[in-house]
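Colleague: Numbering (my numbering), first residue to last: 246 to 322. Even for Gly, the Cβ is constructed at its ideal location relative to N, Cα and C.
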Amino acid sequence: MRLFMGSRDEKDKTKVRKEKLAGYFYNLSQLIFTGTGVGGVLPFLHGTASSGDISVLVFGAVATAGSAYFANRILKY
Numbered sequence: 246m247r248l249f250m251g252s253r254d255e256k257d258k259t260k261v262r263k264e265k266l267a268g269y270f271y272n273l274s275q276l277i278f279t280g281t282g283v284g285g286v287l288p289f290l291h292g293t294a295s296s297g298d299i300s301v302l303v304f305g306a307v308a309t310a311g312s313a314y315f316a317n318r319i320l321k322y
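1) What's the C-alpha gap between residue 288 and residue 254?
2) Tell me whether residue 281 sits in a helix, a strand or coil according to DSSP, three-state version.
3) According to DSSP, is residue 316 helix, strand or coil?
4) Are there 16 or more other CB atoms within 10 angstroms of the CB of residue 297, so buried, or fewer, so exposed?
5) At the level of alpha carbons, what is the spacing between residue 264 and residue 294?
6) Buried or exposed: which applies to residue 285, given that a residue is buried once 16 or more other Cβ atoms fall within 10 Å of its Cβ?
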């Protein structure tokens, strides 16, 4: 009986660990989206946009999607 309870505890630990790690990557994607969104859009509103600002927006979109995808993969498997 004790062996069974130990494996259940280990499964619970693994589940919690996966949820926390996925939550970290979801939060990271939110931070990237917010930071690059504000940093990349403000120059467009002021009319002083450059190619660097466009690259910030593209990097932000790719990094946000990548972090969210990675978090989803962690939760799936």
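Modeller: With the given structure in hand:
1) 52 Å
2) helix
3) helix
4) exposed
5) 39 Å
6) buried
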